[in-house]
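Just so we're aligned, residue 1 is where the sequence shown starts under full-length UniProt numbering, counting upward by one.
Where a beta carbon is used, it is the ideal one built from N, C-alpha and C, also for glycine.
As C-alpha cells, the structure follows; a few thoughts come after it.
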Amino acid sequence: MDTLKVPEISTQRNAVDMSRAAPSVHNSQPWLWTTDGRTLTLLLDRSRTLATADPNGRQSIISCGAMVHHVQLALEAEGWDVSVSLLPGESRYRLAELHFSPGNPNTDARALMDAMANRRTDRRPYRSLGADADDTFAALAQRAGHYGCSLVVVRPDLMPLIVEASNRSAAAHRYDTNYHHEMHWWLGARTRSDGIPSSALSEKSAKGVGVGRDFHTERGTLSSETIDDHAHVLVISTDDDSVESWLRAGQALSAVLLEATARGVASCTLTHITEGDDVRSMTHRAASQSGTVRAVPQVAVRVGKPTGPQLAATPRRKLEDVFEYS
C-alpha cells in the first residue's frame with residue numbers, strides 16, 4: 001500500500017473513532033466500517049435496526065448517512081480529499097465507500113469536526129434564537145442544500161400542524177406492545193454502550209415541549225427549568241424516498257447539527273413526525289407552506305438557545321465494534 005496516496009490505517013481508525021459521536025435513532029449506532037487499506041466501506045448493521053419503529057430501515061440509513069459525513073469531515077480536516085460514493089443500488093446493507101487522495105487540511109471541515117465532541121441531543125425546552133435566527137437559518141439551509149436537501153423553518157402560525165403530527169404519532173403507538181417493548185429495550189440503561197440513558201430523558205421536559213417523541217417512560221432523570229418552549233422546528237426534505245435520498249438526508253442532518261453546535265445552538269433531532277403517511281403528510285404541509293421544499297420530509301430538528309448546562313455525552317460502542325481492517 002502506498003501510504004503517500006491514502007491515509008494510513010491508524011488515520012482511518014482515528015477518523016472512525018472520533019466519528020462514533022455521530023447521531024443515530026435511539027442511539028442505536030447501526031453501522032460498521034471496514035477497510036482494505038485503500039477504501040473505507042460503510043455497512044448497515046442489521047442487528048441494530050428498529051423492526052417496529054423503523055420497519056423499512058429508513059431512520060437507520062439516515063443515521064448511517066450522518067456517520068458518513070462525520071468520517072468525511074474527520075479525514076478532510078487532516079488533509080485528505082475524500083470522495084464519497086453512495087451505493088444504495090448495490091446492496092441494501094453496503095451503503096457507501098470513501099476514496100482518498102492527498103489534499104490540504106480543510107479549515108471548514110476542522111471547524112465542524114471540532115463541534116463533534118460538543119454536540120448533544122437536548123430534549124429540554126429552548127429559548128428563541130432571537131436576533132441570531134435569520135443568519136443561523138441561512139447557514140443551516142446552505143449546509144443542507146450542499147447534499148441536495150431542502151431545509152425550511154416552520155412558520156410559527158403553522159406550528160400547530162407540527163404539534164398535531166407529533167400527537168398523532170404518539171397516538172398511533174399508544175397501544176402497540178411491540179413498539180413499547182422495542183422502546184423499552186433502548187431506554188434507560190446505564191451500563192450499555194448504546195441506547196438513550198435516563199440522564200438524557202426527562203418526563204417534566206417532555207411535558208413542556210410540544211414537539212417531541214413520547215418515550216413512554218418515567219425513568220428519565222434529566223433536570224430542566226420550568227419555562228415555555230420557544231424552539232424553532234426545521235424540516236429537511238429530499239426529492240424522493242430512495243435509499244440514496246435517505247443517506248443524503250443523513251449527511252445533511254449531520255452538517256446541520258454540527259453547524260448549529262458550532263454556533264452555540266441547541267438541537268434535538270425529530271424523526272417521529274416523518275413516520276406514517278398521515279403524519280408525514282402533515283409535516284410536509286407545514287414545511288411547504290413555510291418555504292420552498294423538496295417532495296419528501298425525512299427528518300426534523302428542534303433548535304434554539306439552550307436553557308441549561310451542557311449535557312453529558314451519551315454512551316458509544318467501542319471502536320473495535322464498529323471498525324474492521326481486513
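Roughly how many whole angstroms lie between the Cα atoms of residue i and residue j?
i: Lys318; j: Leu158; result: 42 Å
i: Ala138; j: Ala266; result: 16 Å
i: His284; j: Ala295; result: 8 Å
i: Trp246; j: Arg20; result: 19 Å
i: Gly308; j: Ala231; result: 14 Å
i: Ala15; j: Trp31; result: 14 Å
i: Ala165; j: Arg280; result: 8 Å
i: Pro306; j: Arg168; result: 27 Å
i: Arg13; j: Trp80; result: 14 Å
i: Met282; j: Ile162; result: 7 Å
i: Ala22; j: Met67; result: 5 Å
i: Arg48; j: Asn27; result: 10 Å
i: Asp45; j: Thr39; result: 19 Å
i: Leu258; j: Asp278; result: 30 Å
i: Gly276; j: Ala287; result: 16 Å
i: Asn178; j: Asp135; result: 43 Å
i: Ala252; j: Glu244; result: 12 Å
i: His272; j: Lys5; result: 43 Å
i: Arg119; j: His184; result: 25 Å
i: His173; j: Asp228; result: 26 Å
i: Pro197; j: Trp186; result: 8 Å
i: residue 331; j: Val211; result: Because the chain here runs from 1 to 326, residue 331 falls outside it and cannot be looked at.
i: Glu8; j: Glu324; result: 14 Å
i: Pro88; j: Met113; result: 26 Å
i: Ala117; j: Tyr175; result: 38 Å
i: Ser63; j: Val71; result: 13 Å
i: Gln310; j: Thr191; result: 21 Å
i: Arg219; j: Gly130; result: Confidence in Arg219 is poor, its pLDDT being 48 and thus under 50, which makes the residue's placement unreliable; the coordinate value appears in the next sentence. So the two alpha carbons sit approximately 33 Å from each other.
Looking at the secondary structure, which residues open and close the beta strand (DSSP E) in which residue i lies?
i: Cys268; result: Ala266 to Leu270
i: Ala96; result: Arg94 to Pro102
i: Ser193; result: Segment: none, Ser193 is in no beta strand (DSSP E) and carries neither H nor E.
i: Asp81; result: Trp80 to Leu86
i: Tyr325; result: Phe323 to Tyr325
i: Val303; result: Val296 to Gly304
i: Ser47; result: That residue, Ser47, is in no beta strand (DSSP E); it is neither H nor E in DSSP.
i: His232; result: His232 to Thr238
i: Thr177; result: Segment Thr177 to Trp186 is the alpha helix (DSSP H) holding Thr177; no beta strand (DSSP E) there.
i: Thr35; result: Trp31 to Thr35
Should residue i and residue j be called a contact, given that it needs their Cβ atoms to be closer than 8 Å?
i: Leu234; j: Val152; result: yes
i: His99; j: Ser254; result: no
i: Asp194; j: Pro315; result: yes
i: Val154; j: Ser290; result: yes
i: Ile61; j: Gly264; result: no
i: Pro125; j: Val209; result: yes
i: Thr274; j: Val299; result: yes
i: Ala171; j: Arg123; result: no
i: Glu78; j: Pro102; result: no
i: Ser326; j: Thr107; result: no
i: Gly148; j: Arg248; result: yes
i: Ser150; j: Ser237; result: yes
i: Ala109; j: Glu76; result: yes
If you follow the alpha helix (DSSP H) that residue i is part of, which residue opens it and which one closes it?
i: Glu275; result: Where Glu275 is concerned, there is no enclosing alpha helix (DSSP H), given that its DSSP letter is neither H nor E.
i: His70; result: Arg58 to Ala77
i: Ile9; result: Ile9 to Ser19
i: Ser150; result: Looking at the DSSP string, Ser150 is not in any alpha helix (DSSP H); the run it does join, the beta strand (DSSP E), is Ser150 to Val153.
i: Gln142; result: Ala133 to Gly145
i: Ala168; result: The amino acid occupying residue 168 in the given sequence is Arg; Ala does not appear at that position. From DSSP, the alpha helix (DSSP H) with Arg168 extends over Met159 to His173.
i: Val209; result: Neither: Val209 is in no alpha helix (DSSP H) and is coded neither H nor E.
i: Leu129; result: Segment: none, Leu129 is in no alpha helix (DSSP H) and carries neither H nor E.
i: Thr314; result: Premise fails: Thr314 is in no alpha helix (DSSP H) and is neither H nor E.
i: Val256; result: Val243 to Ala262
i: Asp114; result: Thr107 to Met116
Between the Cα of residue i and those of the options, spot the shortest distance and give me the residue it belongs to.
i: Val301; options: Thr177, Leu270 and Ser198; result: Leu270
i: Asp36; options: Asp240, Arg48, Ser199 and Ser10; result: Ser10
i: Arg94; options: Leu42, Tyr325, Val256 and Tyr147; result: Leu42
i: His181; options: Thr52, Val243 and Asp132; result: Thr52
i: Ala312; options: Ile162, Thr121, Val6 and Asp176; result: Thr121
i: Cys268; options: Leu129, Pro102, Val303 and Met113; result: Val303
i: Ala74; options: Asp17, Leu44 and His26; result: Asp17
i: Gly65; options: Gly276, Leu140, Ser242 and Glu320; result: Ser242
i: Gly145; options: Thr292, Ala109, Arg127 and Glu324; result: Thr292
i: Asp240; options: Pro297, Leu129 and Pro7; result: Pro297
i: Asp321; options: Glu8, Gln29, Val6 and Pro88; result: Gln29
i: Ser128; options: Pro156, Leu140 and Asp114; result: Pro156
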